[in-house]
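Each remark here refers to the structure printed beneath this line.
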Amino acid sequence: MDLPIRHGSIGPSVLDVQQLYKNTGMFTYDPGFTSTASCESKITYIDGDEGVLLYRGYPIEQLAENGDFLETCYLLLFGDLPTAAQKADFDRQVTRHTMVHEQMSRFYSGFRRDAHPMAVMCGVVGALSAFYHDSTDINDPEQRLIASIRMVAKTPTIAAMAYKYSVGQPFIYPQNSLDFSANFLNMCFAVPCEEYKVNPVLARAMDRIFILHADHEQNASTSTVRLAGSSGANPFACIAAGIACLWGPAHGGANEAALKMLEEIGTPDQVDKYVAKAKDKNDPFRLMGFGHRVYKNYDPRAKIMQKTCHEVLGELGIKDDPLLDVAMELEKIALRDEYFIEKKLYPNIDFYSGITLKAMGIPVSMFTVLFAVARTVGWIAQWKEMFEDPSQKIGRPRQLYTGAPLREYVPIAQRR
Ligand code: CMC
1 MDLPIRHGSI GPSVLDVQQL YKNTGMFTYD PGFTSTASCE SKITYIDGDE
51 GVLLYRGYPI EQLAENGDFL ETCYLLLFGD LPTAAQKADF DRQVTRHTMV
101 HEQMSRFYSG FRRDAHPMAV MCGVVGALSA FYHDSTDIND PEQRLIASIR
151 MVAKTPTIAA MAYKYSVGQP FIYPQNSLDF SANFLNMCFA VPCEEYKVNP
201 VLARAMDRIF ILHADHEQNA STSTVRLAGS SGANPFACIA AGIACLWGPA
251 HGGANEAALK MLEEIGTPDQ VDKYVAKAKD KNDPFRLMGF GHRVYKNYDP
301 RAKIMQKTCH EVLGELGIKD DPLLDVAMEL EKIALRDEYF IEKKLYPNID
351 FYSGITLKAM GIPVSMFTVL FAVARTVGWI AQWKEMFEDP SQKIGRPRQL
401 YTGAPLREYV PIAQRR
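So in full-length UniProt numbering, spot 24 of the sequence shown is number 24, and the numbers just go up one at a time.
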């Protein structure tokens, strides 16, 4: 049968297979969705061969250089850059929602102190639907908007509380006089007994990290959010599902894994040994922070991250960071190595983000949590888009069944 072809505004066209099963009795087979577009979207565009990332058409480099995170949030959620008045109003709305229900602070004490903060995030973000019933009616556009703003505003507070709980310090309430990223650093690092002043260079770096992670089209966690949302689940539950998926080391957990790997390598003279391990087919070891399903070129976010990393180390007066030495040597060797060239394995965003966050005093276990804080807006924008798409249906993939064909039940006494 002839399959219709659909064209996007840029990027590859798609073969529309919606009528395939009806007309041929066959499904398509594509584990890992390497050739499958799961939806139509107007939010984020990636050209993996050229190393291009656009949010609503704007290059990530321009947004990271000139804008701030809340402007990016507005752009992702509403489709255009805000005017000054719209930006001021949006900032005010997000800022007003930064506190969490006081009862939520008691919820934390149910967790062990040594719980991984991503485990706490899955639980507490999921619990938001139990605290904010008045924004769980997904059919009401006003409630959808309030839920969206609440999640952008509250995930940094929830994340900082997870950190404070793990180190046994009191929770720090949000300070609405601070901007989004400075407020987050303040909630992480201030203590009630002394004054804490947020370093503006570090706040700016944090903001840039949030911008870089804000959305990345139909990645595993975003697809998880869309799939969960397609059943009509409430948005807080969907975002909790996204957080759970993000935690895996092949996805958001890679920044934590990349830093641990640099620590394990230890010194630049050990790099060759680890590169050889990564190339060995019989060794499961992979270079964390290298490779990407979509980018077959330098990840554009990694370049910005590398610059931010140097800015942060410069501001903190860290001249000789052993991890940075290992990272630079690893990058140099891998980019020259035939294996990595042939497979188009380049550094991804996680390669430099770990060093930057560690220098800022963020504990390694919090790295993926920061990714979740940033990605929340992307997940919500995608969830909203899916929900508002009239062609939206419950997501329900099919399979190629390779199990036993029909057979008769055998009573237990007769089984051998
Ligand atoms: N080190 C060594 N070899 C690698 C690596 C790596 N980091 N990544 C891929 N390869 C090899 C892989 O062994 C395979 O070789 P072959 O064709 O001989 O079997 C080939 O390259 C293709 O790999 P793949 O696993 O089929 O590719 P994928 O698109 O399924 O995987 C990936 C993408 C990101 C999961 C993978 O590159 C990886 O595991 N990287 C390390 C983890 C990481 O840094 N993840 C962060 C991604 S960026 C943040 C985010 O978006 O979440």
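C-beta atoms are modelled at their ideal positions from N, C-alpha and C, and glycine is treated no differently.
Buried or exposed by the 16-neighbour rule on C-beta atoms within 10 Å, applied to residue i
i    : result
L400 : exposed
D350 : buried
E331 : buried
S166 : buried
S41  : buried
L370 : buried
D299 : buried
T155 : buried
D215 : buried
G377 : In the sequence as displayed, the identity of residue 377 is Val instead of Gly. So V377 ends up on the buried side.
H292 : buried
P347 : buried
G11  : exposed
M305 : buried
Beta-carbon proximity list for residue i, same chain, < 8 Å, skipping 5 on both sides
i    : result
S221 : G242, I243, C245, L246, H251, G252, R375 and W379
S38  : Q218, S223, R226 and G395
M261 : Y274, L287, M288 and G289
Q392 : S230 and M386
V201 : E311, V312 and E315
S105 : M161 and F171
Q103 : F131
Closer than 8 Å: residue i CB and nearest the ligand CMC heavy atom
i    : result
R293 : yes
G51  : no
P249 : yes
D269 : no
A257 : yes
K281 : yes
G32  : yes
A278 : yes
G57  : no
G289 : yes
D215 : no
I349 : yes
A254 : yes
Cβ neighbours of residue i in the same chain (closer than 6 Å, five flanking residues each side left out)
i           : result
residue 419 : Absent from the structure is residue 419, since the part of the chain shown begins at 1 and ends at 416.
T136        : S129 and N234
S28         : The sequence given here has Thr at residue 28, not Ser. Once the five neighbours on either side are set aside, the close Cβ partners of T28 are V17.
K344        : K296
Y74         : P82 and F90
Rounded straight-line distance, which links the Cα of residue j to that of residue i
i           : j    : result
I318        : G354 : 15 Å
Y45         : G8   : 11 Å
L185        : E61  : 23 Å
A127        : F340 : 43 Å
Y196        : A182 : 11 Å
D80         : D389 : 18 Å
L357        : H310 : 12 Å
A84         : I146 : 21 Å
V152        : N199 : 23 Å
F131        : C238 : 15 Å
residue 417 : T36  : Residue coverage of the chain in this structure runs from 1 to 416, which leaves residue 417 outside it and unanswerable.
L323        : T72  : 31 Å
G51         : A88  : 33 Å
N23         : P4   : 13 Å
F111        : H101 : 18 Å
P141        : H133 : 15 Å
P411        : Y21  : 38 Å
Own chain partners of residue i with C-beta closer than 7 Å, once the 5 adjacent residues on each side are dropped
i    : result
M366 : P117 and Y163
L70  : F90, D91, V94 and F180
A278 : F285, R286 and L287
V191 : Q169
R6   : S13, V14 and D16
T368 : M118, L246, W247, G252, G253, N255 and E256
W383 : V225, R226, G229, P235 and C238
N176 : T95 and T98
Supposed close pair residue i, residue j - CB separation, criterion 8 Å
i    : j    : result
I158 : M206 : No, I158 and M206 are not in contact; Cβ-Cβ is about 16 Å, not under 8 Å.
G361 : F189 : 7 Å
I211 : G67  : 7 Å
V271 : E329 : 5 Å
L76  : Y55  : 6 Å
S230 : M386 : 7 Å
H213 : R150 : The Cβ separation is near 20 Å, so there is no contact.
P174 : M187 : 6 Å
G48  : K296 : 5 Å
V125 : F236 : 6 Å
R208 : T308 : 5 Å
D321 : P268 : Not really, about 12 Å apart at Cβ, beyond 8 Å.
Residue-level contact to chain C via CB, residue i, 9 Å cutoff
i    : result
E338 : Absent here is chain C; the protein component of the structure consists of one chain.
Residue i CB to nearest heavy atom of the ligand NAD below 8 Å
i    : result
R286 : Among the ligands present in this structure, namely the ligand CMC, the ligand NAD is not found.
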